[in-house]
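The block underneath contains the structure these notes are about, expressed in structure tokens.
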Amino acid sequence: MQTHDHSTPSWHPALEVRYAPLVEKLERLIPCMEVPLHLPWIDAILELKRRRGAVIMAHSYQSPEIFHGVADVTGDSLALAQAAADCDSDLIVLCGVHFMAESAKILAPDKTVLIPDLEAGCSLASSITAADVRALRVQHPGAPVVSYVNTSAEVKAESDACCTSANAAQVVNAVAAEFGVDKVIFLPDRYLGVWVAQQTGIELVLWDGACEVHEKFTALEARHTRERFGARIVAHPECAPEVLAEADFVGSTSAMGQWLAKQKPTRVAMITECSMADNLRNQFPQVEFIKPCNLCPHMKRITLPNIHACLRDLRHEVTVPNDVAISARRALQRMLAVGRSELV
Ligand code: 13P
Ligand code: SF4
58 MQTHDHSTPS
68 WHPALEVRYA
78 PLVEKLERLI
88 PCMEVPLHLP
98 WIDAILELKR
108 RRGAVIMAHS
118 YQSPEIFHGV
128 ADVTGDSLAL
138 AQAAADCDSD
148 LIVLCGVHFM
158 AESAKILAPD
168 KTVLIPDLEA
178 GCSLASSITA
188 ADVRALRVQH
198 PGAPVVSYVN
208 TSAEVKAESD
218 ACCTSANAAQ
228 VVNAVAAEFG
238 VDKVIFLPDR
248 YLGVWVAQQT
258 GIELVLWDGA
268 CEVHEKFTAL
278 EARHTRERFG
288 ARIVAHPECA
298 PEVLAEADFV
308 GSTSAMGQWL
318 AKQKPTRVAM
328 ITECSMADNL
338 RNQFPQVEFI
348 KPCNLCPHMK
358 RITLPNIHAC
368 LRDLRHEVTV
378 PNDVAISARR
388 ALQRMLAVGR
398 SELV
């Protein structure tokens, strides 16, 4: 295929042979009739990726045909931020939402970072602006700001440190100790904030943001799933406190995988985005997954055809103004340093 060939790649029997192990894996994770529809796109993307020397990074909420079919690096938002910082390719395609691509660009400023759909946003990131953060600082003088990575580059630039759900409590503890305070501004997810306050015992000033996917889950649903199906309940801390109270384990997407590896439950319900269960199902064939049906509409904007167009036309480049990137990088690096057990 030529670089600017806009034709749709088509299926042929040789693809089934060339990708036999992938076909076997995907047939267990998605309706088997869909696999032949994806294979031509996967083949064309892998060829373009090779020619471009690109690295494809995919979040755990990406659909299985992306996660297993074309990604070089997969993981939660922390793992992707770390991979971008350590990446040695000049071209990164971020299959996730916009704030993740911005984090990659901030941590790898000399790389070209592309996102297949610029509209892949996040209800948390859009809930707060840089001006809101400045106003919070005026209302709470001396309190440092920890912002969840699910924020814009401008909000990160106004923050003292970033965190993900995998390290939020650690970062809040480290920042409170570094600044010598017992009150921290934590934004924008109010539910994650309540959970972190419980873990740390530190007073947190919260913002009224929420994830539009996780806030849909109810305590009744979680209880019903346990009682009706005898399932262990694993929930993401972006869920409401009454849902978390029903859970056997609360943790980030990476922590959920670690918990499954240790606990090896017979049956588990994943109270998080739908694709997470699909992507873990492959890793834990002995576990029966009860899959919720809440999809993130932003994550699902990323598709094989738009990844292909992204690599073919080198679109859509994610850029961050230099002054914003410098301050945002400081906040992200403080987070990464906490993970490496040292403060910058
Ligand atoms: P993780 O930080 O666990 O990857 O979650 C990101 C996210 O968007 C959750 O909804
Ligand atoms: Fe944002 Fe929620 Fe989608 Fe994660 S699942 S990207 S927090 S809207």
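Each residue of the sequence shown is one higher than the one before, counting from 58 in the numbering used here.
Ideal Cβ positions, reconstructed from N, Cα and C, are used throughout, including at glycine.
For clarity, every value in this text was computed on a predicted model and none was experimentally measured.
TODO: Please find out if some non-hydrogen atom of ligand 1 comes closer than 8 Å to the beta-carbon of C179.
DONE: yes
- [ ] With distances taken Cα to Cα, identify the nearest neighbour of F243 among A226, E345, Y118.
- [x] A226
Task: Pairwise C-alpha distance: V325 and S384 - done: 41 Å
Task: Contact test: Y118 Cβ vs ligand 1 heavy atom, cutoff 8 Å - done: yes
- [ ] Determine which residues share a DSSP beta bridge with E435 and list them.
- [x] Outside the displayed span of the chain (58 to 401) sits residue 435, for which this structure offers no information.
Task: Straight-line Cα distance separating A233 from M58 - done: Unreliable placement is indicated for M58, whose pLDDT of 44 sits below 50; the coordinate value is still reported in the next sentence. The straight-line gap from Cα to Cα measures roughly 55 Å.
Task: heavy atom of ligand 2 below 8 Å from N207 C-beta - done: yes
- [ ] Would you mind reading off the limits of the beta strand (DSSP E) that contains V202?
- [x] 202-205
- [ ] May I ask whether a heavy atom of ligand 2 can be found less than 8 Å away from the beta carbon of D260?
- [x] This sequence places Glu at residue 260; Asp is not what is there. Every heavy atom of ligand 2 is 8 Å or more from the Cβ of E260, so no.
Task: Option in E84, V80, L103, A165 with minimal Cα separation from P66 - done: L103
TODO: Work out the CA separation of H293 and T275 for me, nearest whole Å.
DONE: 13 Å
Task: Residue burial classification, F1 (beta-carbon count within 10 angstroms, cutoff 16) - done: Outside the modelled stretch of the chain, which goes from 58 to 401, sits residue 1, for which no answer is possible.
TODO: Would you check if there are 3 or more beta carbon pairs closer than 8 Å linking the region 105-112 to the region 82-90?
DONE: no
Task: Beta-carbon proximity of A101 to A115, cut-off 9 Å - done: no
TODO: Check whether the Cβ of V395 lies closer than 8 Å to any heavy atom of ligand 1, and answer yes or no.
DONE: no
Open item on the list: To the nearest angstrom, how far is the alpha carbon of A388 from that of A158?
Closed with: Taking the straight line joining both Cα atoms gives about 16 Å.
- [ ] Decide if the region 252-266 is in contact with the region 177-191; the criterion is three or more beta carbon pairs, one per stretch, under 8 Å apart.
- [x] yes
Task: CB contact flag (C331, C350, <9 Å) - done: In contact: C331 and C350 (Cβ atoms closer than 9 Å).
Open item on the list: Quick check: V150 and R391, are their CB atoms within less than 9 Å of each other?
Closed with: no
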